[in-house]
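Order-wise, the sequence lines are chains A and B. Here my numbering is used: the first residue of the first sequence is 16, the next is one more, and so on. Here my numbering is used: the first residue of the second sequence is 16, the next is one more, and so on. The C-beta atom is built at its ideal place from N, Cα and C for all residues, glycine as well. What you are looking at is a predicted structure, and each value in this text was computed from that prediction instead of being measured. A short worksheet on the structure shown next.
There are 2 protein chains.
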Amino acid sequence: MTLALDAAAQDLLFREARTANTFTDEPVSDEQIQAIYDLVKYAPTAMNQQPLRITLVRSPEARERLVNLMSDGNKAKTAAAPLVAILAQDNEFHHELPTLFPHFPQAKDVVFAERPAREASAAMNATLQAAYFIIGVRAAGLAAGPMLGYDAAGINKEFFADGDHSVVTVINIGKPGEDAWYPRSPRLAYDEVVTTV
Amino acid sequence: MTLALDAAAQDLLFREARTANTFTDEPVSDEQIQAIYDLVKYAPTAMNQQPLRITLVRSPEARERLVNLMSDGNKAKTAAAPLVAILAQDNEFHHELPTLFPHFPQAKDVVFAERPAREASAAMNATLQAAYFIIGVRAAGLAAGPMLGYDAAGINKEFFADGDHSVVTVINIGKPGEDAWYPRSPRLAYDEVVTTV
Numbered sequence: 016m017t018l019a020l021d022a023a024a025q026d027l028l029f030r031e032a033r034t035a036n037t038f039t040d041e042p043v044s045d046e047q048i049q050a051i052y053d054l055v056k057y058a059p060t061a062m063n064q065q066p067l068r069i070t071l072v073r074s075p076e077a078r079e080r081l082v083n084l085m086s087d088g089n090k091a092k093t094a095a096a097p098l099v100a101i102l103a104q105d106n107e108f109h110h111e112l113p114t115l116f117p118h119f120p121q122a123k124d125v126v127f128a129e130r131p132a133r134e135a136s137a138a139m140n141a142t143l144q145a146a147y148f149i150i151g152v153r154a155a156g157l158a159a160g161p162m163l164g165y166d167a168a169g170i171n172k173e174f175f176a177d178g179d180h181s182v183v184t185v186i187n188i189g190k191p192g193e194d195a196w197y198p199r200s201p202r203l204a205y206d207e208v209v210t211t212v
Numbered sequence: 016m017t018l019a020l021d022a023a024a025q026d027l028l029f030r031e032a033r034t035a036n037t038f039t040d041e042p043v044s045d046e047q048i049q050a051i052y053d054l055v056k057y058a059p060t061a062m063n064q065q066p067l068r069i070t071l072v073r074s075p076e077a078r079e080r081l082v083n084l085m086s087d088g089n090k091a092k093t094a095a096a097p098l099v100a101i102l103a104q105d106n107e108f109h110h111e112l113p114t115l116f117p118h119f120p121q122a123k124d125v126v127f128a129e130r131p132a133r134e135a136s137a138a139m140n141a142t143l144q145a146a147y148f149i150i151g152v153r154a155a156g157l158a159a160g161p162m163l164g165y166d167a168a169g170i171n172k173e174f175f176a177d178g179d180h181s182v183v184t185v186i187n188i189g190k191p192g193e194d195a196w197y198p199r200s201p202r203l204a205y206d207e208v209v210t211t212v
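And the structure:
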């Protein structure tokens with residue numbers, strides 16, 4: 016037993032979990048999203064900056080606006096999923112930094128004074144958090160269907176009027192439905208990925 | 016019970032796991048890294064592209080070259096950790112794509128013909144995989160100490176002579192040692208992160 020994590024958890028999070036393209040009608044509650052967030056919020060980001068922001072697209076009107084901005088292959092499943100979440104980075108995350116990272120209160124003004132530095136850092140760290148969130152969705156016994164095919168500028172304009180947020184991924188969430196996935200595609204072998212120096 | 020993942024696994028991966036700054040002398044074996052990789056390799060990337068590459072820095076000579084490229088605050092812990100891994104993105108990942116994503120064999124030449132498109136996609140997807148890897152280190156009962164403070168251009172040149180890899184993060188790995196971490200810094204509350212439209 017090389018891993019400390021129990022086998023059922025390994026299956027739930029990694030081995031049996033799959034990216035879903037269809038879902039049942041079973042709704043996903045705010046309580047479930049809160050439980051996911053309250054678990055994955057502990058995973059690390061650089062200087063604890065936590066730039067991820069999550070928009071739950073629940074109203075039919077907002078769902079329609081989002082579907083119109085998805086690429087053609089993603090429209091039908093985004094329209095049909097029980098819940099759709101827009102994961103975005105807050106490019107003004109530095110305002111919270113003196114509270115979030117009290118070890119280095121000057122970081123806000125020294126490291127992140129310029130917007131390009133903030134955007135680069137927010138992109139990386141919100142992407143880490145998006146991965147943690149996908150694992151969290153699986154921890155809730157749900158399937159995630161993360162997508163990158165959309166009009167990003169359109170989503171940023173339509174859903175983040177402040178001009179300070181950039182979409183990282185859009186994720187369909189729910190219980191997997193009929194024919195929810197293709198056969199699993201191959202993974203690279205250990206020796207193709209890991210080298211020792 | 017809102018989550019399907021058992022409480023012990025929640026603690027192991029998220030609630031009790033911490034970013035470690037000191038480690039015991041207990042070595043980290045190749046078998047442990049292989050078990051981690053063989054678990055987290057199943058987590059999703061866009062078009063299954065899997066651009067993450069991992070370099071285990073085991074020889075004293077390589078460790079010294081790496082330590083010299085870390086920022087001052089990271090030198091001592093990088094020198095002392097039982098194992099240090101350089102996580103990098105392969106900017107030429109598209110060569111594997113027809114095998115990895117047989118649903119869309121043209122992607123290699125249509126979507127990823129140009130290096131900037133490959134670098135952007137590799138950055139995002141290798142970052143997702145870096146997050147999965149951190150979770151995997153914790154799944155092995157180990158602590159991860161991911162770092163971003165280093166001379167990135169120097170690491171790319173020193174460790175990836177082909178010019179085709181870019182460092183994503185450097186991670187110290189081992190059993191946490193004495194005073195391994197600060198008190199946990201605050202996390203944003205659900206209502207600060209999640210909005211509904």
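Chain-ordered neighbours of residue i on chain A, where CB pairs are closer than 8 Å
i      : result
B/N36  : Neighbours of B/N36 on chain A: none; closest Cβ ~11 Å, over 8 Å.
B/I69  : V208, V209 and T210
B/H118 : Y197 and S200
B/T114 : P201
B/A77  : V212
B/D21  : D21, A23 and A24
CB-CB length for residue i against residue j, believed under 8 Å
i      : j      : result
B/R202 : A/Y57  : 7 Å
B/G151 : B/I51  : 4 Å
A/A77  : B/V212 : 4 Å
B/I101 : B/V185 : 5 Å
A/A145 : A/V183 : 5 Å
B/L54  : A/F29  : 5 Å
B/P97  : B/I170 : With 8 Å as the limit, B/P97 and B/I170 do not qualify as a contact, their Cβ atoms being about 20 Å apart.
B/L84  : A/A19  : The pair is not a contact, with the Cβ atoms about 32 Å apart (cut-off 8 Å).
B/L116 : A/S200 : The displayed chain sequence assigns Phe, not Leu, to residue 116 of chain B. Right, their Cβ atoms sit about 6 Å apart.
A/Q47  : B/T17  : 6 Å
B/L190 : B/E79  : Reading the sequence as shown, one finds Lys at residue 190 of chain B and not Leu. Not really, about 23 Å apart at Cβ, beyond 8 Å.
B/A128 : A/A24  : B/A128 to A/A24, Cβ: 41 Å. No contact.
Straight-line gap, residue i to residue j (C-alpha atoms, nearest Å)
i      : j      : result
B/L112 : A/H118 : 43 Å
A/T39  : A/F175 : 29 Å
A/K92  : A/S181 : 22 Å
B/A195 : B/A95  : 13 Å
A/P66  : A/E31  : 29 Å
B/A158 : B/T34  : 7 Å
A/A61  : B/N36  : 14 Å
A/S86  : A/V126 : 36 Å
B/H110 : A/D45  : 42 Å
B/A122 : B/N106 : 15 Å
A/T142 : B/N63  : 16 Å
B/T114 : A/V208 : 15 Å
B/G219 : B/A22  : The requested residue 219 of chain B does not occur in the structure, where chain B is confined to residues 16 to 212.
A/A137 : A/D179 : 11 Å
A/D177 : A/P59  : 27 Å
A/Y192 : A/P75  : In the sequence on display, residue 192 of chain A carries Gly and not Tyr. Cα-Cα distance, rounded: 21 Å.
A/Q49  : A/R73  : 15 Å
A/E173 : A/L71  : 14 Å
A/Y197 : B/Y205 : 34 Å
A/V99  : A/N89  : 12 Å
B/P120 : A/I149 : 26 Å
A/E132 : A/N140 : Looking at the sequence provided, one finds Ala at residue 132 of chain A rather than Glu. Answer to the nearest angstrom: the Cα atoms are 12 Å apart.
B/E134 : B/A168 : 15 Å
B/R130 : A/R130 : 25 Å
A/D238 : B/D124 : Examination of residue 238 of chain A is not possible in this model, given that chain A is present from 16 through 212 alone.
Interface residues of chain B facing residue i [CB-CB closer than 9 Å]
i      : result
A/D40  : Within chain B, no residue comes near A/D40; the closest Cβ sits about 19 Å away, beyond 9 Å.
A/I170 : In chain order: nothing, as chain B lies at least about 12 Å away.
Contacts of residue i in chain B (Cβ-Cβ under 7 Å)
i     : result
A/M85 : In chain order: nothing, as chain B lies at least about 15 Å away.
A/N63 : S200
A/Q47 : T17
A/V72 : V212
Chain B residues whose Cβ lies nearer than 8 Å to that of residue i
i      : result
A/S181 : By Cβ distance, chain B contributes nothing, its closest Cβ being about 12 Å from A/S181, past 8 Å.
A/F174 : V212
A/Q25  : L54 and A154
A/A50  : T17 and L18
Residues that residue i contacts on chain A, provided the C-beta gap is smaller than 7 Å
i      : result
B/P131 : By Cβ distance, chain A contributes nothing, its closest Cβ being about 15 Å from B/P131, past 7 Å.
B/F29  : L54, V55, Y57 and A58
B/A186 : In the sequence as presented, Ala is not what sits at residue 186 of chain B; that position holds Ile. Neighbours of B/I186 on chain A: none; closest Cβ ~10 Å, over 7 Å.
B/E193 : Per Cβ cutoff of 7 Å: no residues; B/E193 is ~19 Å from chain A at best.
B/Y205 : Q49, Y52 and D53
B/V147 : Sequence check: residue 147 of chain B is Tyr here, not Val. Result: A146.
B/E11  : Outside the displayed span of chain B (16 to 212) sits residue 11 of chain B, for which this structure offers no information.
Contacts of residue i in chain A (Cβ-Cβ under 9 Å)
i      : result
B/T93  : Chain A residues near B/T93: none, gap ~14 Å exceeds 9 Å.
B/P161 : P59, A61 and L143
What are the complete alpha helix (DSSP H) segments, minimum 4 residues, inside the segment 134 to 202 of chain B? 167 to 174
Whole runs of the alpha helix (DSSP H) within the segment 26 to 67 of chain B, excluding any shorter than 4 residues: 45 to 55
Validate contact between the segment 159 to 172 of chain A and the segment 155 to 173 of chain B using beta carbons, cut 8 Å, 3 pairs: no
Return the chain-ordered ranges of every alpha helix (DSSP H) run that is complete within the segment 62 to 115 of chain A and spans a minimum of 4 residues. Here the runs fully enclosed are 75 to 84, 87 to 95 and 112 to 115.
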